[in-house]
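Data first, discussion second: the structure below is written as structure tokens.
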Amino acid sequence: MLIKTRSEIPSSEITPESVYHSRRQFMGNALTLGLGAAGMGGAGLSLAAAPGDGLRARAPSDMVRSAPAPWWQEKFQNIQPVERGGDFWTDEDLTPYRDVVTYNNFYEFGMNKDDPYKYSQTFKVDPWSIDIGGECDKPGVYHLEDFLKPQQLEERIYRLRCVERWSMVIPWVGFSLADLIRRVEPNSKAKYVAFETLVDPEQMPAQRSRFSIVDWPYREGLRMDEAMNPLTFLAVGLYGNYLPPQNGAPIRLVVPWKYGFKSVKSIVKIRFTEQEPPTTWNMMQPSEYGFYANVNPNVHHPRWRQDMETRLPRTLFSVSRQDTLMFNGYGDQVAHLYEGMDLARYY
Amino acid sequence: MAARVGLDGVSTWRRNPQLWLWLRRLVWVLACVPFVLQVQGIVTNTLGADPAKELALDTGRWTLRFLLMSLAITPLREIFSLGSLAPLRRTLGLFALFYASLHFLVYILFLLELRWYEIGTDILERPYITVGFVAFLILLAMGITSPKRMVRRLGKRWKPLHRMVYLAAVLSILHLVWILRTDVFDAVFYGTLLALLLAYRGFNSVRKRTNRPIRN
């Protein structure tokens, strides 16, 4: 009679714990080195603000990082560091890299916060082009490389406030949206800028879901003066390194005085329009999500009160709530854009 | 091996009290697994950047699952003639209350950090919190009145009170629907299960009424 015994793992397959830990250490160091080398000073500074966090400051060990094209790597050799005390800086604690890359809303990849991290690891970001059109003199399909080549990348540290009441502090790398807009020369009819995220059900599982109620592509828009504001940023990197797909690679919008959902990710299309463009959340639930979506502690979302927020990461047994500031604390730079507007009506 | 069959044609394993006792113990242990995993997640700090929110979601999911499982017991008993399953309905129902209580505790302790004014306004002003809270109160009332002593004491009033479980289940689904945003799979999945369980009871009560022997 054949008696089957439980098959045992051959000892050659077992990694000694010390080796496992040293590998983690190695990978952590590799990332640290990468960040240092990428930013020299600039990104190095933001990293210096992040330590003391142990493993949390490092990338998750199973995160896939594909090597980007040489021209892309070259851009990251020379990042202008953030000016301490300037408009694009804060001395608040940075949210550790690990949390920024594993806690995301990117509904194309799923509804849970860890879905984007789980399902976007093999997302293809090269080649990438952006279709620019509408009311501008230089429309066309531009390869990302063409946009980035002449652009000086800089680092900025912004607060990110989600309408779901959580917030982070993130060191982005990128350039100002106004720079890009000037280069494509919008005409006098251009009152708004509309953005669209990639539609690719092959790569984005939630776009294949039969239960999804989103009318893809994900759409967002800004008024022209909002788009030209110096704060408005196009990010291609994070913590001195390339933007991971779950954070909107290869290029995403960052509008720090608005709720996070305005910051459209993985941009493939930009249009200059005369009329206010339709936006995804506003189309789905206009009573809850307005076009402006300015961070406003006085106007509550029907499901989440907005006068406070939870700064991430948090632990279970510490008080984590802090007051939410008007325009997410960027009022000095943007309040004039909304003078005379009733922000309870235009929320 | 052929099943041993009793005199009345019902196979004897179905009335083996020892077997049912062990089954109940097994269910009891399994029902604790989500809680053990949650505690493990807290201790090892593997719940992500916002552990409070993760716990709130997980305890909520398990409340709904146990509620639906306890509602599934009656149809299972009747369809497969498994009378001995009956005590499980109470066990599973009490576990639903257990996870609902954790859910509520996570909400007031970790999400709203005991700011009573906010808890009050949330319950009054945000409909999804209101329905969730009402569902919790119903489960709580059922839990308190579940010991045999209370059943006897309430007498005729016990049954209508415990029928409120249907309302609690519907409100729980509503609570879920309200927090969903872009993908309605969960709502459709749990909603369909509840609809089937309620439909079974609806048809059954109609059938019983029409099949009642007519006395002249």
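Protein chains in written order, with my numbering: chain A, 598 to 944; chain B, 163 to 378. The C-beta atom is built at its ideal place from N, Cα and C for all residues, glycine as well.
Three-state class that DSSP yields for TYR694 of chain A in the structure shown: Locating residue 694 of chain A in the first sequence gives position 97, where the first residue counts as 1. Reduced to three states, the DSSP call for TYR694 of chain A is helix.
Who does LYS855 of chain A pair with in a DSSP beta bridge? Walking along the first sequence from the start, residue 855 of chain A turns up at place 258. According to DSSP, which records beta bridges pairwise, LYS855 of chain A is partnered with A:ASN891.
Contact defined as beta carbons within less than 8 Å: I believe TYR836 of chain A pairs with PRO768 of chain A. What is the distance between those atoms, to the nearest angstrom? Residue numbering aside, residue 836 of chain A sits at position 239 when the first sequence is read from its first letter. Residue numbering aside, residue 768 of chain A sits at position 171 when the first sequence is read from its first letter. Confirmed, about 6 Å.
What first and last residue would you give for the alpha helix (DSSP H) that runs through ILE335 of chain B? Counted from its first residue, the second sequence places residue 335 of chain B at position 173. First-last of the alpha helix (DSSP H) with ILE335 of chain B: 327–341.
Between which residues of its own chain and GLN711 of chain A is the CB-CB distance below 7 Å, once the five residues before and five after are set aside? Taking the first sequence and counting its residues from 1, one reaches residue 711 of chain A at position 114. The displayed chain sequence assigns Asp, not Gln, to residue 711 of chain A. So the list reads THR699, once near-sequence residues are dropped.
Contact criterion: CB-CB distance below 8 Å. Does THR699 of chain A meet it with respect to chain B? For the purposes of this step, residue 699 of chain A is taken as residue 102 along the first sequence, with counting starting at 1. At least one chain B Cβ lies under 8 Å of THR699 of chain A.
Am I right that LEU745 of chain A and ILE204 of chain B are in contact with their C-beta atoms under 8 Å? What's the rounded C-beta distance? Within the first sequence, residue 745 of chain A is the residue found at index 148, counting from 1. Within the second sequence, residue 204 of chain B is the residue found at index 42, counting from 1. Not quite, the Cβ-Cβ distance comes to about 43 Å (not below 8 Å), so this is no contact.
Runs of beta strand (DSSP E) wholly within the region 751–826 of chain A (minimum 3 residues, chain order): Segments of the beta strand (DSSP E) lying fully in the region 751–826 of chain A: 763–773, 789–794, 816–820.
Tell me, which residues are paired with SER726 of chain A by DSSP? The sequence position of residue 726 of chain A within the first sequence is 129, counting from 1. For SER726 of chain A, DSSP records a beta bridge to A:HIS740.
Classify SER609 of chain A as helix, strand or coil using the three-state DSSP reduction. Taking the first residue of the first sequence as 1, we reach residue 609 of chain A at position 12. Residue confidence for SER609 of chain A is low, a pLDDT of 43 falling below 50, so the modelled location carries little weight; the figure read from the coordinates is stated next. Here DSSP, grouped into helix, strand and coil, assigns SER609 of chain A to helix.
Output needed in chain order: residues of the region 899–919 of chain A with a Cβ under 8 Å from some Cβ in chain B. The region 899–919 of chain A vs chain B, Cβ under 8 Å: PRO899, ARG900, ARG902, THR907, LEU909, PRO910, ARG911, THR912, LEU913, VAL916, SER917, ARG918.
For VAL332 of chain B, collect the residues of the same chain with a Cβ closer than 6 Å to its Cβ; drop the 5 residues on either side in sequence, then sort them by chain order. Position 170 of the second sequence, counted from the first residue, corresponds to residue 332 of chain B. Around VAL332 of chain B: no qualifying Cβ.
Would you give the residue range spanned by the beta strand (DSSP E) that ILE867 of chain A belongs to? Locating residue 867 of chain A in the first sequence gives position 270, where the first residue counts as 1. Element bounds for ILE867 of chain A: 864–870.
First and last residue of the uninterrupted alpha helix (DSSP H) at GLY834 of chain A: Counted from its first residue, the first sequence places residue 834 of chain A at position 237. Run containing GLY834 of chain A: none in the alpha helix (DSSP H); it sits in the beta strand (DSSP E), 830–835.
Identify the contact partners of PHE347 of chain B in chain A, using a Cβ-Cβ distance below 9 Å as the criterion. On the second sequence, residue 347 of chain B is found 185 positions in, with the first residue counted as 1. In chain order, MET708, SER806, ARG807, PHE808, SER809 make up the part of chain A whose C-beta sits under 9 Å from the C-beta of PHE347 of chain B.
If you draw a straight line from the C-alpha of GLN872 of chain A to the C-alpha of MET231 of chain B, how long is it? Within the first sequence, the letter at position 275 stands for residue 872 of chain A. Within the second sequence, the letter at position 69 stands for residue 231 of chain B. Approximately 52 Å, taken between the alpha carbons.
In this structure, does DSSP put GLU906 of chain A in helix, strand or coil? For the purposes of this step, residue 906 of chain A is taken as residue 309 along the first sequence, with counting starting at 1. Under the three-state reduction of DSSP output, GLU906 of chain A falls in the strand class.
Answer yes or no: do LEU757 of chain A and PRO853 of chain A have a C-beta to C-beta separation smaller than 8 Å? In the first sequence, the residue the question calls residue 757 of chain A occupies position 160. In the first sequence, the residue the question calls residue 853 of chain A occupies position 256. It is a contact, given that the beta carbons lie within the stated cut-off.
Can you pull the chain B neighbours of TRP813 of chain A, defined as C-beta to C-beta under 7 Å? Within the first sequence, residue 813 of chain A is the residue found at index 216, counting from 1. Result: empty, since nearest Cβ-Cβ is about 10 Å, beyond 7 Å.
Span of the alpha helix (DSSP H) around ARG223 of chain B: Translated into positions along the second sequence, residue 223 of chain B becomes position 61. First-last of the alpha helix (DSSP H) with ARG223 of chain B: 213–242.
Mapping DSSP to helix, strand and coil, what is TYR943 of chain A? Locating residue 943 of chain A in the first sequence gives position 346, where the first residue counts as 1. Note: TYR943 of chain A maps to coil in three-state DSSP.
Using a C-beta cutoff of 8 Å, does ALA803 of chain A count as contacting chain B? To locate residue 803 of chain A, count along the first sequence from 1; it is residue 206. Interface residue, yes.
Going by beta carbon distance, what residues of the same chain come within less than 7 Å of GLY379 of chain B, once the five residues before and after it are set aside? Beyond the ends of chain B as shown, which are 163 and 378, falls residue 379 of chain B; an answer cannot be given.
Mark MET880 of chain A as exposed unless 16 or more other C-beta atoms lie within 10 angstroms of its C-beta, in which case mark it buried. Along the first sequence, one-based indexing puts residue 880 of chain A at 283. Under this definition MET880 of chain A is an exposed residue.
Segment limits, alpha helix (DSSP H) that includes GLN670 of chain A: One-based indexing of the first sequence puts residue 670 of chain A at position 73. Taken as a continuous stretch (DSSP letters only), the alpha helix (DSSP H) holding GLN670 of chain A covers 667–672.
Please check if any C-beta of chain B sits within less than 8 Å of the C-beta of TRP763 of chain A. Here residue 763 of chain A refers to the residue found at position 166 of the first sequence. It does; some Cβ of chain B falls within 8 Å.
Would you say the beta carbon of ASN701 of chain A comes nearer than 7 Å to a heavy atom of the ligand HEM? Absent from the structure shown: the ligand HEM. Ligands present: none.
I'd like to know whether the C-beta of TYR290 of chain B is nearer than 8 Å to at least one C-beta of chain A. Counting from 1 along the second sequence, the entry for residue 290 of chain B is found at position 128. Look at TYR290 of chain B: its C-beta is under 8 Å from a C-beta on chain A.
Taking the alpha carbon of ASN844 of chain A as the reference point, which residue from A:ILE864, A:LEU828, A:ALA787 has its own alpha carbon closest? To locate residue 844 of chain A, count along the first sequence from 1; it is residue 247. Distance from the Cα of ASN844 of chain A is smallest, within the candidate group A:ILE864, A:LEU828, A:ALA787, for A:ILE864.
With 8 Å as the threshold, decide whether the Cβ of ARG343 of chain B is near any Cβ in chain A. Numbered from its first residue, the second sequence carries residue 343 of chain B at position 181. At a cut-off of 8 Å between C-beta atoms, ARG343 of chain B counts as an interface residue with respect to chain A.
May I have the straight-line CA-CA distance separating GLU895 of chain A from GLY294 of chain B, to the nearest angstrom? Walking along the first sequence from the start, residue 895 of chain A turns up at place 298. Walking along the second sequence from the start, residue 294 of chain B turns up at place 132. Per the sequence presented here, residue 895 of chain A reads as Asn, with Glu not at that position. About 25 Å.
Contact list for ILE270 of chain B against chain A, beta-carbon separation under 9 Å: What you label residue 270 of chain B is simply residue 108 of the second sequence in a count that begins at 1. Those do not exist, as ILE270 of chain B stays about 13 Å from chain A at its closest Cβ, beyond 9 Å.
Can you tell me whether LYS215 of chain B is buried or exposed, with buried defined as 16 or more other CB within 10 angstroms of its CB? One-based indexing of the second sequence puts residue 215 of chain B at position 53. Looking at its Cβ environment, which holds 16 or more other Cβ atoms inside 10 Å, LYS215 of chain B is buried.
By the 10 Å Cβ neighbour count, where 16 or more other Cβ atoms means buried, how is PRO648 of chain A classified, buried or exposed? Here residue 648 of chain A refers to the residue found at position 51 of the first sequence. Note that PRO648 of chain A scores 35 on pLDDT, short of 50, meaning its location in the model is unreliable and no value can be drawn from it.
List, in chain order, every chain B residue whose beta-carbon is nearer than 7 Å to that of ASP659 of chain A. Residue mapping note: residue 659 of chain A aligns to position 62 of the first sequence, counting from 1. What ASP659 of chain A touches in chain B, judged by beta-carbon distance under 7 Å, is nothing: the nearest beta carbon there is about 13 Å away.
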